[in-house]
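Note sheet for the following structure.
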DNA sequence: CGGAGTCTTGACCGTTGTCAATGTTGGTGG
DNA sequence: CCACCAACATTGACAACGGTCAAGACTCCG
């Protein structure tokens with residue numbers, strides 16, 4: 001287990017690691033850096049996530065993994081994971097399900113970036129983060145910690161940081177959210193979801209594992 | 001095994017199917033229909049693909065699956081797949097890998113839609129399709145079948161069909177591609193990949209299964 | 001108190017969307 | 001073999017969304 005400061009690259013694009021990360025505390029993100037200078041964040045990760053579980057099966061990292069805030073990360077050798085999976089086949093199923101749910105989130109991100117206008121795009125991202133944080137007990141009744149700068153939100157939504165700023169003002173103006181310091185207050189969850197066209201089905205949270 | 005005409009929905013958003021599809025012939029796509037009327041295609045599928053393999057683990061479809069061209073599809077009951085996986089654990093690993101590679105493709109789509117300009121976005125999609133078709137022996141030396149209308153390409157790239165048209169002209173004007181009927185000719189693969197910023201690593205094609 | 005990082009604002013520009021009309025093509029039936 | 005039709009591709013004019021640049025305000029932290 002190790003601690004890292006904010007904005008630190010933990011796994012590099014092209015790496016071939018022999019262990020997986022388990023995020024204990026803090027926010028991480030997966031991203032790709034383009035040669036044009038642009039950067040696209042492809043996922044956010046919160047405590048409890050295994051952000052690079054796929055390295056158990058895919059040798060080469062096709063993206064980078066880094067911290068957004070100070071983080072505590074546990075490293076688990078692939079060897080140990082493979083032994084565990086061999087011993088507890090249900091764990092293999094759980095890992096597979098994890099991968100599938102991640103894929104479902106990626107799909108929704110494609111939709112978000114591909115065809116929602118600025119304000120809805122941000123609103124949708126907020127809904128998703130709120131749901132996920134809620135699931136692991138890290139949300140409050142009326143909102144959640146949101147230690148993401150507007151530049152980071154821009155890299156995740158395909159918008160410029162200036163435009164993110166304007167769209168946040170738009171959302172505040174609509175009475176959907178409020179922000180103080182690094183806390184995102186959700187003023188009316190129903191309205192926010194309706195506005196964003198958010199449907200939590202894709203997070204597959206209510207489904208029960210088949211025996 | 002059944003045949004379907006073009007533009008037919010095979011699995012609906014919200015369904016809870018008890019079988020998986022194996023695409024034998026033709027092109028399929030996964031997509032989400034928004035209430036705003038917009039549609040986002042999240043993946044294309046070619047012969048050999050299992051486009052809804054995730055239904056083995058995730059009960060509810062969070063997107064739709066349909067044909068783009070006339071297709072031949074084989075249906076395999078989940079029950080049969082679970083039995084197979086029980087008998088041949090390597091198959092479970094293969095399925096997991098399949099899901100992971102699909103996820104990698106989704107990640108790249110997020111990047112594509114999120115931060116590449118129109119022409120590069122189309123070029124990148126063409127590179128991906130060419131690689132994948134090549135892998136299953138369905139490409140020619142200088143290009144591949146491309147039975148996708150400009151409206152479909154638009155729904156996949158987050159562009160309007162009118163803009164797709166203009167960007168195609170741009171690519172033709174740069175001497176990168178040519179199109180006749182439903183065939184996409186790739187005039188200079190190197191140049192096209194460079195232009196698109198395409199790096200096939202994310203397709204994880206050269207990697208060997210660990211024993 | 002000072003400074004770095006972040007947020008906010010305004011002006012302007014470029015990319016992309018929309019609408020509507022016109023070509024073009026492949027397939028079908030006479 | 002030809003006429004016709006529907007789907008698709010193409011064009012032009014215009015509008016809107018979002019990007020860029022540059023400056024200034026705020027906030028947190030040492």
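Residue numbers (full-length UniProt numbering), protein chains in the order written: chain A, 1 to 211; chain B, 1 to 211. Each residue gets a CB set at the ideal place from its N, CA and C atoms; glycine is no exception.
| said: To the nearest angstrom, how far is the alpha carbon of residue 36 of chain A from that of residue 115 of chain B? | reply: For the purposes of this step, residue 36 of chain A is taken as residue 36 along the first chain, with counting starting at 1. For the purposes of this step, residue 115 of chain B is taken as residue 115 along the second chain, with counting starting at 1. Approximately 10 angstroms, taken between the alpha carbons.
| Segments assigned alpha helix (DSSP H), at least 4 residues, entirely inside the UniProt domain "HTH crp-type" (116-190) of chain B | 118-135, 150-157 and 161-173
| Should residue 12 of chain A go down as buried or exposed, given a rule of 16 or more other Cβ atoms within 10 Å for buried? | Stepping through the first chain from its first residue, residue 12 of chain A is reached at position 12. Burial call: exposed.
| task | Quick one: list the residues of chain B neighbouring residue 201 of chain A, beta-carbon separation under 7 angstroms, in chain order. | result | Looking up residue 201 of chain A in the first chain gives position 201. Neighbours of residue 201 of chain A on chain B, chain order: 60 and 62.
| query | Does DSSP put residue 64 of chain B in a helix, in a strand, or in coil? | reply | As a position in the second chain, residue 64 of chain B is number 64, starting the count at 1. Note: residue 64 of chain B maps to strand in three-state DSSP.
| request: Buried or exposed for residue 87 of chain A, please, with buried defined as at least 16 other CB atoms from any protein chain shown within 10 angstroms of its CB. | output: To locate residue 87 of chain A, count along the first chain from 1; it is residue 87. The residue in question, residue 87 of chain A, is exposed, as its Cβ has fewer than 16 Cβ neighbours within 10 Å.
| said: Short of 8 angstroms in beta carbon distance, which residues of its chain neighbour residue 60 of chain B, apart from the five on each side in sequence? Order them along the chain. | reply: Sequence index remark: in the second chain, residue 60 of chain B carries index 60 (1-based). Around residue 60 of chain B: 14, 15 and 16.
| query | Taking 7 angstroms as the line, does the beta carbon of residue 49 of chain A fall inside it for any heavy atom of the ligand PLP? | reply | Although the ligand PLP was asked about, the structure shown includes no ligands whatsoever.
| message | Quick check on the DSSP output: the alpha helix (DSSP H) that includes residue 22 of chain B runs from which residue to which? | response | Locating residue 22 of chain B in the second chain gives position 22, where the first residue counts as 1. Counting along the chain, residue 22 of chain B falls outside any alpha helix (DSSP H), though it belongs to the beta strand (DSSP E) covering 19-25.
| Can you give the Cα-Cα distance for residue 131 of chain A and residue 39 of chain B, rounded to whole angstroms? | Counted from its first residue, the first chain places residue 131 of chain A at position 131. Counted from its first residue, the second chain places residue 39 of chain B at position 39. Each residue's Cα considered, the two are about 24 angstroms apart.
| task | Kindly indicate if chain B contains any beta-carbon less than 8 angstroms away from that of residue 50 of chain A. | result | Here residue 50 of chain A refers to the residue found at position 50 when the first chain is read from its first residue. Chain B contact via Cβ: absent.
| query | residue 115 of chain A versus chain B: which residues are under 7 angstroms apart at the beta carbon? | reply | By one-based count along the first chain, residue 115 of chain A stands at place 115. In chain order: 34, 38, 40 and 158.
| request: Would you mind working out which of A:170, A:141 and A:121 sits nearest residue 159 of chain A, comparing C-alpha positions? | output: Taking the first chain and counting its residues from 1, the one referred to as residue 159 of chain A is at position 159. For residue 159 of chain A, the nearest C-alpha among the options comes from A:121.
| task | Measure the alpha-carbon distance for residue 185 of chain A versus residue 173 of chain A and round it to whole angstroms. | result | Looking up residue 185 of chain A in the first chain gives position 185. Looking up residue 173 of chain A in the first chain gives position 173. Taking the straight line from one Cα to the other gives about 14 angstroms.
| task | State yes or no: is the beta carbon of residue 107 of chain B nearer than 8 angstroms to at least one beta carbon in chain A? | result | Looking up residue 107 of chain B in the second chain gives position 107. Closer than 8 angstroms: yes.
| query | Going by the CB atoms, is the gap between residue 100 of chain A and residue 44 of chain A shorter than 8 angstroms? | reply | As a first step, residue 44 of chain A must be located in the first chain, where it is residue number 44. As a first step, residue 100 of chain A must be located in the first chain, where it is residue number 100. Not closer than 8 angstroms, so no.
| query | Where does residue 200 of chain B sit, in a helix, a strand or coil, going by DSSP? | reply | For the purposes of this step, residue 200 of chain B is taken as the residue at position 200 of the second chain. In the structure shown, residue 200 of chain B sits in a helix (DSSP, three-state: H, G or I).
| query | What residue range is occupied by the uninterrupted alpha helix (DSSP H) comprising residue 6 of chain A? | reply | In the first chain, counting from the first residue as 1, residue 6 of chain A sits at position 6. Looking at the DSSP string, residue 6 of chain A is not in any alpha helix (DSSP H), and its letter there is neither H nor E.
| said: I'd like the list of long-range same chain contacts for residue 196 of chain A, defined as Cβ closer than 7 angstroms, with 5 residues on each side in sequence excluded. | reply: For the purposes of this step, residue 196 of chain A is taken as residue 196 along the first chain, with counting starting at 1. Hits under 7 angstroms: 120, 123, 124 and 127.
| Between the C-alpha atoms of residue 206 of chain A and residue 177 of chain B, what's the straight-line distance to the nearest angstrom? | Working through the first chain from its first residue, we reach residue 206 of chain A at position 206. Working through the second chain from its first residue, we reach residue 177 of chain B at position 177. For residue 206 of chain A and residue 177 of chain B, the distance between alpha carbons rounds to 47 angstroms.
| said: Contact criterion: CB-CB distance below 8 angstroms. Does residue 162 of chain B meet it with respect to chain A? | reply: Here residue 162 of chain B is taken as the residue at index 162 of the second chain, counted from 1. With 8 angstroms as the cut-off, residue 162 of chain B does not count as an interface residue toward chain A.
| task | Could you tell me the boundaries of the beta strand (DSSP E) in which residue 219 of chain B lies? | result | With chain B covering 1 to 211 only, the question about residue 219 of chain B has no answer from this structure.
| message | Cβ closer than 7 angstroms: which chain B residues qualify as neighbours of residue 99 of chain A? | response | Mapped onto the first chain, residue 99 of chain A falls at position 99. Residues of chain B passing the Cβ test: 96, 99, 100 and 103.
| Do residue 137 of chain A and residue 70 of chain A have their C-beta atoms closer together than 8 angstroms? | In the first chain, residue 137 of chain A corresponds to position 137, counting from 1. In the first chain, residue 70 of chain A corresponds to position 70, counting from 1. Cβ distance not < 8 angstroms, so residue 137 of chain A and residue 70 of chain A don't count as in contact.
| query | Can you find a C-beta in chain A that's less than 8 angstroms from the C-beta of residue 11 of chain B? | reply | One-based indexing of the second chain puts residue 11 of chain B at position 11. No, residue 11 of chain B lies away from the interface with chain A (no Cβ there is under 8 angstroms from its Cβ).
| request: Please list the partners that residue 110 of chain A has in chain B, where partner means a Cβ-to-Cβ separation under 8 angstroms. | output: As a first step, residue 110 of chain A is located in the first chain; it is residue number 110 there, counting from the start. Going along chain B in sequence order, the residues near residue 110 of chain A (Cβ under 8 angstroms) are 40, 42, 106, 109, 110 and 113.
| Extent of the continuous beta strand (DSSP E) run through residue 28 of chain A | As a first step, residue 28 of chain A must be located in the first chain, where it is residue number 28. From DSSP, the beta strand (DSSP E) with residue 28 of chain A extends over 28-33.
| For residue 83 of chain B, the first and last residue of its enclosing alpha helix (DSSP H) | Start at 1 with the first residue of the second chain, and residue 83 of chain B comes out as number 83. Note, residue 83 of chain B: alpha helix (DSSP H), 78-87.
| Quick one: Cα of residue 151 of chain A to Cα of residue 157 of chain A, how far? | Residue numbering aside, residue 151 of chain A sits at position 151 when the first chain is read from its first letter. Residue numbering aside, residue 157 of chain A sits at position 157 when the first chain is read from its first letter. One C-alpha to the other measures close to 10 angstroms.
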